[in-house]
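For the record, in the sequence shown the residue sitting at position 14 is 17 according to our numbering, with numbers rising by one throughout.
Glycine included, each C-beta is placed from N, C-alpha and C at the ideal position.
Working notes, structure below.
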Amino acid sequence: VQLQASGGGLVPAGGSLRLSCAASGSRFSANAMGWYRQAPGKQREMVALIIGSDDADYADSVKGRFTISRDVAKSTVYLQMDNLKVGDTAVYYCNALIMMRSYWGQGTLVTVSS
4 VQLQASGGGL
14 VPAGGSLRLS
24 CAASGSRFSA
34 NAMGWYRQAP
44 GKQREMVALI
54 IGSDDADYAD
64 SVKGRFTISR
74 DVAKSTVYLQ
84 MDNLKVGDTA
94 VYYCNALIMM
104 RSYWGQGTLV
114 TVSS
């Protein structure tokens, strides 16, 4: 199973970015997909998870600003990030839980400038 993430980049504070992550190589749909992030010197943390197509959960720090969505048919998960803050700067990783196994994408860097 491979997860290919894209959409990171440099954006000013208050701006928006949309991350995408496409899963391939499995004949099974993911039970859940999600986004995690790791800032320099910090541990990886959960940002948003989605179970099925619409059961979503968010870290408190991003509630009201980030929206996770999923296209099950395309095996793709998205993360719409609005009102970005400098503190959102991190490498963002997508994750998929397929048949009780966890898979990670390669990460995409999001840098928010002040």
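Identify which residue in Arg73, Asp74, Gln83 has its Cα closest to the Cα of Gly67.
-> Gln83
Taking all protein chains shown into account, do 16 or more other C-beta atoms lie within 10 angstroms of the C-beta of Met103, making it buried, or fewer, making it exposed?
-> exposed
Please name the residue or residues paired with Leu12 in a DSSP beta bridge.
-> For the sequence presented, residue 12 should be read as Gly rather than Leu. DSSP, once it has assigned bridges, lists Val113 as partnering Gly12.
The segment 79-96 / the segment 7-24 touching (three or more Cβ pairs under 8 Å) | yes
Best match in Gly12, Ser72, Lys88 for proximity to Tyr81 [C-alpha to C-alpha] | Ser72
On a CA-only basis, which of Tyr106, Asn86, Ser105 is nearest Arg21? Give me that one, please.
-> Asn86
Hey, Thr111 and Leu13: beta-carbon distance below 7 Å or not?
-> no
At 3 residues or longer, and completely inside the segment 16-59: list those beta strand (DSSP E) runs for me, N to C.
-> 20-27, 35-41, 48-54
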